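Protein chains in written order, with my numbering: chain G, 11 to 222; chain V, 11 to 222.
To start, the structure under review is shown below, and the notes come after it.
There are 2 protein chains.
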Amino acid sequence: MISIANTTKLKILDAAATAFATHGVDQTSLDDIARALGATKGKIYHHFGSKGELVCAIRKHSVQLTLDRVHPYFAAEAPPHEKFHAMAKAHATAMISELAYHRVVVEEMRGSGTGTITDNEHNLRLEITVLQSKYEDMFRSVLASGIAAGQFRDQDLSVTVRSFLMMLHAPIYWYQPRGPQNSHSIAMQLADMALGAVLVTHVKKSVTAIVQ
Amino acid sequence: MISIANTTKLKILDAAATAFATHGVDQTSLDDIARALGATKGKIYHHFGSKGELVCAIRKHSVQLTLDRVHPYFAAEAPPHEKFHAMAKAHATAMISELAYHRVVVEEMRGSGTGTITDNEHNLRLEITVLQSKYEDMFRSVLASGIAAGQFRDQDLSVTVRSFLMMLHAPIYWYQPRGPQNSHSIAMQLADMALGAVLVTHVKKSVTAIVQ
DNA sequence: TTGACAACATACTGATGAGTATGTTTCATG
DNA sequence: CATGAAACATACTCATCAGTATGTTGTCAA
């Protein structure tokens with residue numbers, strides 16, 4: 011948190027996130043990022059131990075940003091389906107609002123990363139894992155309440171959480187700030203879909219079927 | 011299609027897909043793939059013009075495999091919600107069954123790829139785009155029918171398709187062949203969730219709410 | 001049987017980029 | 001005003017690969 015209060019570090023993080031999100035982590039050299047900053051590699055290496063640490067810092071920041079947006083709705087008092095919808099919408103809004111940071115996270119979700127891993131990077135990875143677990147646990151908790159209340163379908167929680175979170179990540183792949191839809195309506199639709207994905211399913215008789 | 015009837019090419023494709031899916035495209039050298047094949051780079055370059063073409067071949071194969079699994083259910087006669095559920099389940103099953111190929115597709119979804127792009131690769135990319143469009147159109151069509159029938163929620167089709175497809179991609183990130191769940195139950199749950207995501211939402215009164 | 005081509009292996013080049021070693025400047029502090 | 005350290009810039013090294021150029025082997029048709 012102190013590290014992010016540092017203005018210079020944050021500028022580097024922003025530039026790096028933007029570049030990584032645009033061209034991919036592996037296709038972006040530290041010289042590229044430095045150029046975008048109007049500086050040189052020396053500046054980056056003075057603040058971050060390695061490229062891997064830089065990526066981890068972006069990932070951690072991404073998770074933290076998302077958590078900050080979603081947690082208030084988790085803490086508030088509300089029935090499961092309303093709470094879930096609000097949290098889902100907040101998550102989608104986060105994806106759209108800080109697109110670059112979250113893109114990096116998704117790209118690194120496969121697991122590998124760079125070959126050499128510093129101690130500092132290793133610790134960062136652990137912290138990120140802990141944060142992500144805590145984050146998922148919030149949703150797990152709400153889902154459990156909803157299932158207990160008979161509103162949500164009783165199914166494997168791990169699969170459920172990972173699945174609808176992937177759906178909420180969708181804007182990362184296609185959202186463009188200058189697109190026709192505003193971010194609010196997209197976030198709302200995604201939240202609606204996420205809620206539908208967990209609710210007890212109720213298929214209405216088709217209108218055409220009745221007509222026939 | 012003729013190209014894939016070639017046994018040697020398919021073996022290279024399999025080895026490449028496995029390696030790419032495990033360590034990431036950029037972290038995997040052609041020498042690595044050749045070693046996995048018990049051969050050298052020469053073999054690969056004899057069958058594929060560049061690393062980019064190899065990746066494209068994997069992507070195309072992935073889309074084709076998925077299409078082959080889903081299309082029968084699209085062609086069959088059934089009410090929208092049943093057809094959609096069957097297609098979604100087939101998609102999820104495809105993801106799990108040919109995990110490696112589909113992982114490569116998702117990793118390359120950001121858009122960039124290698125710097126140099128051969129003519130051959132460019133054509134492959136166009137073919138892939140066409141295939142993917144046709145694929146999405148199938149779902150778009152079913153969704154339109156369901157909306158017309160009053161079963162599916164009337165919302166932006168593009169957002170809908172891209173979103174629940176992302177959810178169906180989820181197993182790519184965490185499914186392990188030796189996992190506790192069998193592939194069938196996971197595919198079923200994902201299909202259930204996808205259907206719920208598009209159906210007209212119907213929130214049951216909470217049991218606890220009634221008790222209170 | 002011979003040449004011609006497919007199907008590779010071997011050995012190189014060349015560029016790219018992460019990381020480092022070593023300046024240089026600013027600035028706070030004693 | 002001296003001095004140290006923070007905050008960079010500059011100029012390297014060195015390993016990694018994608019791509020290429022060329023050699024080798026088998027096979028088949030004329």
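Quick reminder that beta carbons are idealized off the backbone N, C-alpha and C, glycines included.
This one's a predicted model, so the numbers in the text were calculated from it and none came from an experiment.
Who pairs with residue i in a beta bridge, going by DSSP?
{"i": "residue 162 of chain V", "result": "V:209"}
Under 7 angstroms between C-beta atoms, does residue i make it to chain G?
{"i": "residue 185 of chain V", "result": "no"}
{"i": "residue 62 of chain V", "result": "no"}
{"i": "residue 173 of chain V", "result": "yes"}
{"i": "residue 199 of chain V", "result": "yes"}
{"i": "residue 214 of chain V", "result": "yes"}
{"i": "residue 210 of chain V", "result": "yes"}
{"i": "residue 194 of chain V", "result": "no"}
{"i": "residue 26 of chain V", "result": "no"}
{"i": "residue 65 of chain V", "result": "no"}
{"i": "residue 71 of chain V", "result": "no"}
{"i": "residue 34 of chain V", "result": "yes"}
{"i": "residue 149 of chain V", "result": "no"}
Alpha carbons only, please: which of the options is nearest the one belonging to residue i?
{"i": "residue 197 of chain G", "options": "V:169, V:51, V:163 and V:136", "result": "V:169"}
{"i": "residue 47 of chain G", "options": "G:37, G:29 and G:62", "result": "G:29"}
{"i": "residue 202 of chain G", "options": "V:202, V:149, V:53 and V:206", "result": "V:206"}
{"i": "residue 94 of chain V", "options": "V:20, V:156, V:65 and V:183", "result": "V:156"}
{"i": "residue 125 of chain V", "options": "V:57, V:61, V:49 and V:86", "result": "V:61"}
{"i": "residue 84 of chain G", "options": "G:100, G:194 and G:74", "result": "G:100"}
{"i": "residue 57 of chain V", "options": "V:81, V:38, V:75 and V:22", "result": "V:22"}
{"i": "residue 160 of chain V", "options": "G:174, G:213 and G:200", "result": "G:213"}
{"i": "residue 183 of chain G", "options": "V:31, V:117 and V:87", "result": "V:117"}
{"i": "residue 20 of chain V", "options": "V:37, V:33, V:38 and V:72", "result": "V:72"}
{"i": "residue 38 of chain G", "options": "G:158, G:194 and G:114", "result": "G:114"}
{"i": "residue 63 of chain G", "options": "G:174, G:76 and G:40", "result": "G:40"}
{"i": "residue 186 of chain G", "options": "G:110, G:150 and G:55", "result": "G:110"}
Does any CB atom of chain V fall closer than 7 angstroms to the CB of residue i?
{"i": "residue 207 of chain G", "result": "yes"}
{"i": "residue 234 of chain G", "result": "Outside the shown range of chain G (11 to 222) lies residue 234 of chain G, about which nothing can therefore be said."}
{"i": "residue 220 of chain G", "result": "At residue 220 of chain G the pLDDT is 45, less than 50, meaning the model places this residue with poor confidence and gives no usable figure here."}
{"i": "residue 20 of chain G", "result": "no"}
{"i": "residue 180 of chain G", "result": "yes"}
{"i": "residue 169 of chain G", "result": "yes"}
{"i": "residue 176 of chain G", "result": "yes"}
{"i": "residue 101 of chain G", "result": "no"}
{"i": "residue 203 of chain G", "result": "yes"}
{"i": "residue 91 of chain G", "result": "yes"}
{"i": "residue 11 of chain G", "result": "Per-residue confidence for residue 11 of chain G stands at a pLDDT of 41, beneath the threshold of 50, marking its modelled position as unreliable; the derived number appears in the next sentence. So, not an interface residue."}
Touching by the beta-carbon criterion (3+ pairs, under 8 angstroms), the stretch 127–144 of chain G and the stretch 144–154 of chain V: no
Sufficient close CB pairs (3 or more, under 8 angstroms) joining the stretch 174–181 of chain V to the stretch 99–117 of chain V: yes
Stretch-stretch touch, CB-based, cutoff 8 angstroms, three pairs: the stretch 123–133 of chain G with the stretch 39–58 of chain V: no
Selection of the stretch 126–142 of chain G by Cβ proximity to chain V, strictly under 8 angstroms: none
Members of the stretch 151–167 of chain G that neighbour chain V once the beta carbon cut-off is set at 8 angstroms: 158, 159, 160, 161, 163, 165 and 166
Residues of the stretch 39–56 of chain V with Cβ closer than 9 angstroms to any Cβ of chain G, in chain order: none
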